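Take a look at the structure below.
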Amino acid sequence: EGKHRNMIMMLREGNSKTRTEFRKMIKEEFSSFIDYREMSKHSLKRYYDKLTDSQKKDYNRSFKRLVQASYLKRMRPGVSYDIMIQNPPVVKGDRAKVSTLIVDGENEFEVDHLLIVGTDGVWRIYDVIIDRVSMVRNYRKPLYQTMKNSGFKALLNRINEKALERESWSD
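Count the sequence shown with my numbering and you get residues 2 to 172, in order.
Okay, structure coming up:
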C-alpha cells in the first residue's frame with residue numbers, strides 16, 4: 002500500500018517535472034515493486050528456458066523496456082488517481098493476488114496484481130490483470146508466433162520496435 006501512495010504522489014506532482022524527469026522517476030519506482038525478470042519469464046513461458054543466459058539477459062532488458070513504455074504511455078502527470086485494495090490479498094506459498102480498484106476521475110478499472118516473493122523477502126508484481134485480461138498472456142501469443150516463425154533475433158527486434166513506438170507516443 003505504501004508503494005501505491007508513492008506512485009499516486011508522483012503522478013499528482015508530475016506536472017512540476019519535465020517529461021524526462023517524470024519518466025525517470027516513474028521507472029525507478031516501478032523497479033521497486035515490479036519483478037521484470039519474472040514477468041519476462043512468464044511472457045515467453047515455454048521458450049524462455051530454452052534461451053541461453055545471454056539471450057535471457059537481452060530478452061529481459063527489452064521486455065522491461067516494453068512494459069515500462071506501455072505503462073508510461075497510459076500515465077498522465079498531474080492526474081489524480083485513487084487506488085483502493087478491494088479484498089484481503091490471497092496468498093498461496095510464494096505467490097499472491099491483490100485486487101484493486103483504480104479510479105481516475107470518472108473512470109474505474111478493476112486491476113488484479115499477481116505477486117511473487119523474491120529471495121530478498123520482498124513481494125513484487127509479475128503480472129497485471131485489467132478487466133480480466135492478463136498483460137503477460139496478452140503479450141505471449143504474438144511473442145510465441147514471432148519466436149516460432151522468425152527466431153529470437155526477430156523477436157528482440159519486434160519488442161524493441163514496439164517499445165520505441167510507445168516511448169515516442171507524444172514526442
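From the three backbone atoms N, C-alpha and C, an ideal C-beta is built for every residue, glycine too.
Everything numeric in this text was worked out from a predicted model, so none of it was measured.
May I have the straight-line CA-CA distance separating Ser32 from Asp105, to the nearest angstrom? 23 Å
Enumerate in chain order the residues of its own chain whose CB-to-CB distance from Ala70 is below 6 Å, with the five nearest sequence positions on each side excluded. Ala164, Arg167 and Glu168
If you pair each beta-carbon of the region 19-26 with each one of the region 107-125, do three or more pairs fall below 8 Å? no
Going by other Cβ atoms of all chains shown within 10 Å of its Cβ, with 16 needed for buried, is Asp172 buried or exposed? Because Asp172 carries a pLDDT of 45, less than 50, the predicted location of this residue cannot be relied on, and no value is offered for it.
Tell me the start and end of each unbroken beta strand (DSSP E) in the region 8-64 that is at least 3 residues and wholly inside, in chain order. none
Should Asp121 go down as buried or exposed, given a rule of 16 or more other Cβ atoms within 10 Å for buried? exposed
Who does Pro98 pair with in a DSSP beta bridge? For clarity, residue 98 is Lys in the given sequence; the question names Pro instead. Paired residue(s): Val91 and Leu115.
Whole-number beta carbon distance between Met148 and Tyr48, since they are thought to touch under 8 Å: 5 Å
How about Pro90 and Ala97: are their beta carbons less than 8 Å apart? Pro90 places its beta carbon less than 8 Å from that of Ala97.
Given Lys58, which residues of its chain have a CB within under 6 Å of its CB, disregarding the five upstream and five downstream residues? The answer is none, since no qualifying residue turns up.
Considering Val129, what are the terminal residues of the alpha helix (DSSP H) in which it resides? Premise fails: Val129 lies in the beta strand (DSSP E), Trp124 to Ile131, not in any alpha helix (DSSP H).
Between which two residues does the alpha helix (DSSP H) carrying Glu107 extend? Looking at the DSSP string, Glu107 is not in any alpha helix (DSSP H), and its letter there is neither H nor E.
Taking only three categories from DSSP, how would you classify Ser169? coil
For Gln95, I'd like the list of residues in its chain whose CB is within less than 8 Å of its CB, leaving aside the five on either flank, ordered along the chain. Correcting the residue type first, residue 95 is Asp in the shown sequence and not Gln. Around Asp95: Ile117 and Val118.
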